[in-house]
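In what follows, a structure is listed as structure tokens, so that the remarks can point back to it.
Residue numbers (the numbering used here): 9 to 106.
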């Protein structure tokens with residue numbers, strides 16, 4: 009699969025009731041192109057999981073840009089972002105024989 013899996017850890021700026029409701033609708037642990045959130049009880053710290061398609065020449069910067077665009081699409085105020093990128097093109101799967 010030609011894709012990146014990106015974890016973004018960050019903090020939310022204060023969320024209003026509407027933003028909290030939107031967040032709850034997007035809470036999951038799956039990696040999707042739209043992205044999903046997990047967060048602390050007070051919805052101040054979060055982890056955003058996103059899968060970004062990878063072109064042949066795409067690198068970690070392209071993965072971060074794609075994941076940030078997916079995060080921005082949710083319209084929630086955030087800050088203090090840290091990224092972890094996994095290039096699925098580099099993962100080798102060992103099949104059991106026998």
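Virtual Cβ for every residue (Gly too), placed ideally from N, Cα, C.
Counting C-beta neighbours from all protein chains within 10 Å, is the total for residue i 16 or more, i.e. buried, or is it exposed?
i: residue 78; result: buried
i: residue 28; result: exposed
i: residue 75; result: buried
i: residue 81; result: exposed
i: residue 118; result: The structure shown has nothing for residue 118, since the chain only spans 9 to 106.
Taking residue i and residue j to be in contact with their CB atoms under 8 Å, please state how far apart those CB atoms are, rounded to whole angstroms.
i: residue 174; j: residue 31; result: Residue 174 lies beyond the residue range present for the chain, which begins at 9 and ends at 106; the question has no answer from this structure.
i: residue 71; j: residue 93; result: 5 Å
i: residue 90; j: residue 17; result: 5 Å
i: residue 55; j: residue 46; result: 5 Å
Can you tell me whether DSSP reads residue i as helix, strand or coil?
i: residue 17; result: strand
i: residue 57; result: strand
i: residue 62; result: coil
i: residue 6; result: Absent from the model: residue 6. The displayed extent of the chain is 9 to 106, so no value can be given.
i: residue 77; result: helix
Where does the unbroken beta strand (DSSP E) through residue i begin, and where does it stop?
i: residue 92; result: 86-95
May I ask which residues mark the beginning and end of the alpha helix (DSSP H) holding residue i?
i: residue 44; result: That residue, residue 44, is in no alpha helix (DSSP H); its beta strand (DSSP E) goes 44-47.
i: residue 29; result: 25-33
Fill in: Any 3 or more C-beta pairs closer than 8 Å across the segment 34-45 and the segment 97-106
no
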